[in-house]
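A.B. asks: Let me give you the structure first, and then I'll get to my questions.
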Amino acid sequence: MDLFDLALKKSSTNKPLAERMRPKNLNEFFGQQHIVGKGKLLRRLIETDNLTSIILYGPPGVGKTTLAHIISLDTKSEFVKLNATSAGVKEIREYIKKAEEVLKFYGKRTIFFIDEIHSLKKGSQQDALLEAIEKGIVILIGATTENPYFEINRALLSRSKIFQLESLKENEIVEVLQMALKDSTRGYGNLKINIDEEVLKIVAKLSGGDARGSLNTLELAILSTPRRSDGSIAINKEIIKECIQKPMVNYDSTGDNHYDIVSAFIKSIRGSNPDAALYWFGRMVVGGEDPRFIVRRLIVHASEDIGMKDPNAMNIAHAAWNALETVGMPEARIPIAEAIIYLATAPKSNAVLVAVDKAIKDAKNNQYRVPSHLRDTHYKGSNELGSVGYKYPHDYPGSYVEQQYFPKEMNEKKYYEEK
69 MDLFDLALKK SSTNKPLAER MRPKNLNEFF GQQHIVGKGK LLRRLIETDN
119 LTSIILYGPP GVGKTTLAHI ISLDTKSEFV KLNATSAGVK EIREYIKKAE
169 EVLKFYGKRT IFFIDEIHSL KKGSQQDALL EAIEKGIVIL IGATTENPYF
219 EINRALLSRS KIFQLESLKE NEIVEVLQMA LKDSTRGYGN LKINIDEEVL
269 KIVAKLSGGD ARGSLNTLEL AILSTPRRSD GSIAINKEII KECIQKPMVN
319 YDSTGDNHYD IVSAFIKSIR GSNPDAALYW FGRMVVGGED PRFIVRRLIV
369 HASEDIGMKD PNAMNIAHAA WNALETVGMP EARIPIAEAI IYLATAPKSN
419 AVLVAVDKAI KDAKNNQYRV PSHLRDTHYK GSNELGSVGY KYPHDYPGSY
469 VEQQYFPKEM NEKKYYEEK
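If you're matching positions, the sequence shown starts at 69 in the numbering used here and goes up one per residue.
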């Protein structure tokens with residue numbers, strides 16, 4: 069067994085590369101300079117060890133757990149790591165009790181790092197933390213890929229500062245990969261690995277800003293590639309693409325990114341940009357979104373943003389639904405795309421939306437009786453109850469006649485105004 073074998077064996081039998089390369093301090097941390105750059109709030113809190121309860125929100129592999137790890141290495145407080153998917157109320161309360169004892173006997177607070185905090189139940193589990201946070205017994209670090217305003221109760225949010233992390237830029241991913249290739253202690257610096265920067269850029273481009281996923285891809289490529297006669301390992305585009313297998317799609321049809329992409333899709337149609345709308349449609353298709361959800365959004369959009377400017381938009385949207393039901397995916401992607409293009413290029417008006425919302429608002433605030441001449445008259449005795457005086461429009465020229473249609477207590481309203 070030569071030195072290369074020893075280095076490879078040592079690297080492959082230890083923790084995964086992504087875990088070994090996890091930064092130990094802020095100087096090793098890549099990206100997120102908007103929150104941990106020099107002089108930024110989170111950096112100041114970490115460096116002065118004056119942390120308050122925080123929520124780290126962002127997509128996978130961007131540094132949420134790593135920041136918690138850095139804090140655990142630097143803080144004088146006790147540090148407890150919990151996973152929301154497995155921690156029950158009983159376990160949380162037991163840790164809170166221990167934290168009370170640590171504060172009482174040693175004057176030290178305890179930091180609770182709760183990964184996937186969105187998985188904690190809004191009632192019992194999240195409420196179990198509240199009192200301890202309010203009393204200063206516990207400092208919370210919550211990490212989540214889901215929008216905290218949707219998944220975490222308001223009381224907990226009001227006691228926490230939210231920091232939003234962003235997907236890493238491609239050049240930052242490349243730097244992370246290069247560091248792993250050069251580091252002889254934690255990475256593969258002891259091996260002679262030939263890999264062009266262009267190949268690293270492919271990994272970065274397909275990573276979706278996920279550093280952890282990129283390192284996993286690199287490690288798989290290294291471990292699965294036979295050495296050449298000179299002991300080196302050559303990794304090319306084909307090897308990398310095979311290890312990736314498919315693009316690392318940053319999309320969860322039940323998660324927060326789902327709502328962001330759907331929002332971008334609808335706003336692109338509303339903004340009359342068919343090309344952008346098709347791109348976001350493609351993102352949803354690649355991400356595994358239910359196509360019925362997509363077409364339902366088109367049906368709503370046809371009325372909400374087009375309306376009477378082009379009533380045929382509703383027919384087109386429904387035709388896309390019928391096509392989906394008839395032929396299914398992937399063929400239905402074509403008629404759905406046709407509907408997207410039609411709606412994006414159609415004239416726009418939100419007059420229908422504005423009108424119905426005004427009417428509903430008035431209906432909530434004005435619960436008056438139906439005028440007598442508009443009441444039901446199909447039953448015997450209706451005349452005796454005053455259900456008379458209705459003017460049948462078809463008995464008049466042009467099938468139109470002036471009469472009161474609103475409750476008598478209300479003035480005539482104008483809800484629908486075409487733009």
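No residue lacks a Cβ here, since even glycine has one placed at the ideal position from N, Cα and C.
Is the beta carbon of VAL148 less than 8 Å from the beta carbon of THR178?
C.D. replies: yes
A.B. asks: To the nearest whole angstrom, what separates the beta carbons of LEU411 and GLU372, a pair I think is in contact under 8 Å?
C.D. replies: Not quite, the Cβ-Cβ distance comes to about 11 Å (not below 8 Å), so this is no contact.
A.B. asks: Would the region 161–172 and the region 120–138 be scored as touching if the rule is three or more Cβ pairs under 8 Å?
C.D. replies: no
A.B. asks: Using CA atoms only, rank isn't needed, just tell me which of ALA155, GLU168 and ILE123 is closest to SER145.
C.D. replies: GLU168
A.B. asks: Between the alpha carbons of SER79 and ARG88, how many angstroms are there, rounded?
C.D. replies: A caution first: SER79 carries a pLDDT of 48, below 50, which makes its placement in the model too unreliable to give a value.
A.B. asks: Near VAL469, what residues of its chain come up, given a Cβ to Cβ distance below 7 Å and the 5 sequence neighbours on each side ignored?
C.D. replies: LYS459 and PRO461
A.B. asks: Pick from ALA381, ASP463, LEU124 and LEU85: whose alpha carbon is nearest that of PRO216?
C.D. replies: LEU124
A.B. asks: Below 8 Å between beta carbons: does that hold for GLU184 and ASN151?
C.D. replies: Taking 8 Å as the Cβ cut-off, GLU184 and ASN151 qualify as a contacting pair.
A.B. asks: For GLN101, which of helix, strand or coil comes out of DSSP?
C.D. replies: Taken through DSSP and simplified to helix, strand or coil, GLN101 comes out as helix.
A.B. asks: Where does TYR327 land, buried or exposed, given buried means 16+ other C-beta within 10 angstroms?
C.D. replies: exposed
A.B. asks: Which residue from ALA385, LEU288, VAL242 and TYR484 puts its Cα closest to that of GLU266?
C.D. replies: The residue among ALA385, LEU288, VAL242 and TYR484 with its C-alpha nearest the C-alpha of GLU266 is VAL242.
A.B. asks: Once the 5 residues before and after GLY257 are set aside, which same chain residues still bring their CB inside 6 Å of it?
C.D. replies: The answer, listed in chain order, is LYS250 and ASP251.
A.B. asks: Would you identify the three-state DSSP class for VAL469, choosing helix, strand or coil?
C.D. replies: coil
A.B. asks: Going by C-alpha to C-alpha distance, which of ARG254, PHE361 and MET397 sits closest to ASN82?
C.D. replies: Of the listed residues, the one whose Cα sits closest to ASN82 is ARG254.
A.B. asks: Let me know if MET352 comes out buried or exposed under the rule of 16 or more other beta-carbons within 10 Å of its beta-carbon.
C.D. replies: buried
A.B. asks: Are there 16 or more other CB atoms within 10 angstroms of the CB of ALA272, so buried, or fewer, so exposed?
C.D. replies: buried
A.B. asks: For GLN246, report the span of its alpha helix (DSSP H) as first-last.
C.D. replies: 238–250
A.B. asks: Grouping DSSP H, G and I as helix and E and B as strand, with all else coil, what is LYS229?
C.D. replies: Correct three-state label for LYS229: strand.
A.B. asks: Consult DSSP for MET69 and reduce its assignment to one of helix, strand or coil.
C.D. replies: Unreliable positioning characterises MET69 in this predicted model, as indicated by a pLDDT of 43, which lies under 50. A coordinate reading is not provided.
A.B. asks: To the nearest angstrom, report how far apart ARG111 and LYS335 are at their CA atoms.
C.D. replies: Rounded to whole angstroms, the separation of the alpha carbons of LYS335 and ARG111 is 35 Å.
A.B. asks: On the DSSP bridge assignment, give the partners of ILE209 in chain order.
C.D. replies: ILE122 and PHE181
A.B. asks: From the DSSP output, in three-state form, read off LEU74 for me.
C.D. replies: At LEU74 the pLDDT is 48, less than 50, meaning the model places this residue with poor confidence; the figure from the coordinates comes in the next sentence. Of the three classes helix, strand and coil, the one that applies to LEU74 here is helix, per DSSP.
A.B. asks: With a threshold of 8 Å on Cβ separation, who are the neighbours of ALA344 within its own chain once the five nearest residues in sequence on each side are excluded?
C.D. replies: ALA332 and SER336
A.B. asks: With a threshold of 7 Å on Cβ separation, who are the neighbours of LEU288 within its own chain once the five nearest residues in sequence on each side are excluded?
C.D. replies: CYS311
A.B. asks: Return the bridge partner residues of PRO148 from the DSSP annotation.
C.D. replies: This sequence places Val at residue 148; Pro is not what is there. VAL148 is bridged to PHE180.
A.B. asks: Using CA coordinates, which residue listed in ALA431, SER300 and PRO127 is at the minimum distance from GLY277?
C.D. replies: Here the closest residue by C-alpha is PRO127.
A.B. asks: DSSP three-state call for ILE384: helix, strand or coil?
C.D. replies: helix
A.B. asks: Of the residues ILE103, SER340 and ILE207, which one's Cα is nearest the Cα of SER140?
C.D. replies: ILE207
A.B. asks: So does the region 389–399 actually touch the region 433–443, counting three or more Cβ pairs closer than 8 Å?
C.D. replies: Result no; under three Cβ-Cβ pairs closer than 8 Å.
A.B. asks: Where does the unbroken alpha helix (DSSP H) through ARG280 begin, and where does it stop?
C.D. replies: Looking at the DSSP string, the run of the alpha helix (DSSP H) that includes ARG280 is 279–292.
A.B. asks: Verify whether the separation of the beta carbon atoms of ALA279 and LEU346 is less than 8 Å.
C.D. replies: no
A.B. asks: What residues in its chain sit with their C-beta under 7 Å from that of GLN472, if we drop five residues either side in the sequence?
C.D. replies: Setting aside the 5 residues that flank it on each side, GLN472 is surrounded in the same chain by PRO439, each with a C-beta closer than 7 Å to its C-beta; the list follows chain order.
A.B. asks: Give the DSSP bridge partners of ILE261, in chain order.
C.D. replies: ILE301
A.B. asks: Taking the Cβ atom as the reference point for each residue, do ALA136 and PHE181 lie within a distance shorter than 8 Å?
C.D. replies: yes
A.B. asks: Can you tell which of LEU224, LYS260 and ASN262 has its C-alpha closest to the C-alpha of HIS186?
C.D. replies: Cα-wise, what sits closest to HIS186 is LEU224.
A.B. asks: Nearest CA to the CA of ASN95: which residue from LEU85, ILE114, ASP444 and GLY175?
C.D. replies: Measuring C-alpha to C-alpha distances from ASN95 to each of LEU85, ILE114, ASP444 and GLY175 identifies ILE114 as the nearest.
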